[in-house]
Structure formats: C-alpha cells, structure tokens
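A.B. asks: Sequential numbering of the sequence shown, starting at 1, is according to UniProt numbering. So that we are looking at the same thing, I have put the structure below in structure tokens.
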Amino acid sequence: MFVRKYRQGEEAALLDVFRSSVREIARHDYSPKQIEAWAPRDIALDAWAEQIRRLSPFVVDDQGVPIAYADIQDNGYIDHFFVSGHHQGRGAGRLLMTRIHETAVAHRIVALTADVSRTAQPFFERFGFSVVEQRMPRIRGVALPNAFMCKRLEIRFEAE
C-alpha cells in the first residue's frame, strides 16, 4: 500500500470506496435511512467526478486498486476521508492522515478541520483532533449527526 495523488479516470473507483465506507463501516452508527441519504444508489457519476476533480484527493493504492482516499484543501479543511469497508483496520487511514499532516506542514497550514461522522470521530481523536461542535446537518432531508473537529498544528516559521 502506498499513497499517491488521484488520477483522472478513477472517479468511479472512488465512488465505490465512498459507498463501501458508508454502507459497510458507518452503518454501525447510522440508521438505514441515514445511510441511504448519505450514500444513495443514484449518485450522478458526472457530478461525482466533478467533485472529485475539484477535491484532488490523495489515494491509497493497494496493488493498483484505490482502497481509500482523502483530501486537504488550501485552508486545512478535510472534505472527504473514506476507507473502503473491505479494507478497514489495515493502515490505509493512518497513511492518509500522515500524508495530510505532511502536506499541511509543507504548506504552512496552522489548523486542520473536518466535519466528522460519529464513526470516524474516534479515529480523528487518535490523531489529536478535538470536537469543536456537535452538529446535525440534513442531507436529502435526513438529519445526519456529525462533529466539527479541529487540530492546531505547530508550524515553525523560520527566519528567511
């Protein structure tokens, strides 16, 4: 397994990772109605592909197959962070979080933030994130509780 940048053309594979993550892992913390609202079967691939291109995520590659992906935006916001339900607990999430931290330090980002599912909250806490606020956003009319989490980074600015 290794981390690399997303490659155009693998949007459908990342949609599979997303759906697998939500449907296999998050189902333990969310109702079937919440899961269907979050990861519906009828996601338009064109809109999904556009979103993935915009996010430009990192991908964990396992023998040529994407098994996880996550992004970090210029402001330190992590919009997507998903590991395939078939690959949970094998270190893909740790690899992604390490790459996100390295990227943040390289770009002098002082804080990482994310809207984190109930399922992913303990994972983010292990990496030093703290809950700022519990939220109840609605997706497709269904409430999906999550937490806005933040981690301050110690960035050392050296004299030029």
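Beta carbons: idealized from backbone N, C-alpha and C, even for Gly.
So, with DSSP's three-state summary, where would you put residue 120?
C.D. replies: Reduced to three states, the DSSP call for residue 120 is coil.
A.B. asks: Going by beta carbon distance, what residues of the same chain come within less than 6 Å of residue 134, once the five residues before and after it are set aside?
C.D. replies: Cβ within range, chain order: 147.
A.B. asks: Excluding the 5 residues flanking residue 116 on each side, which residues of the same chain have their C-beta closer than 7 Å to its C-beta?
C.D. replies: 124, 146, 147 and 149.
A.B. asks: What is the DSSP secondary structure of residue 45, reduced to helix, strand or coil?
C.D. replies: Note: residue 45 maps to helix in three-state DSSP.
A.B. asks: Pair every Cβ in the segment 26-34 with every Cβ in the segment 43-61, then say whether three or more of these pairs are closer than 8 Å.
C.D. replies: At 8 Å Cβ cutoff, the stretches do not touch.
A.B. asks: Closest by CA to residue 44, which one among 120, 16 and 137?
C.D. replies: Nearest of 120, 16 and 137 to residue 44, Cα basis: 16.
A.B. asks: Residue 129 bridges to which residues according to DSSP?
C.D. replies: Answer is none; residue 129 lacks a bridge partner.
A.B. asks: Return yes when the Cβ of residue 83 is within less than 7 Å of the Cβ of residue 21, no when it is not.
C.D. replies: Closer than 7 Å, so yes.
A.B. asks: Could you pull out every residue in the same chain whose Cβ sits closer than 8 Å to the Cβ of residue 23, ignoring the five residues on either side in sequence?
C.D. replies: Around residue 23: 35, 39 and 85.
A.B. asks: From residue 92 to residue 128, what distance separates their C-alpha atoms?
C.D. replies: Spanning the two alpha carbons is a distance of roughly 18 Å.
A.B. asks: I think residue 18 touches residue 61, with their Cβ atoms under 8 Å apart; what is that distance to the nearest whole Å?
C.D. replies: That pair is no contact at about 16 Å.
A.B. asks: Would a C-beta distance cut-off of 7 Å place residue 151 and residue 112 closer than the cut-off?
C.D. replies: Going by C-beta atoms, residue 151 is nearer than 7 Å to residue 112.
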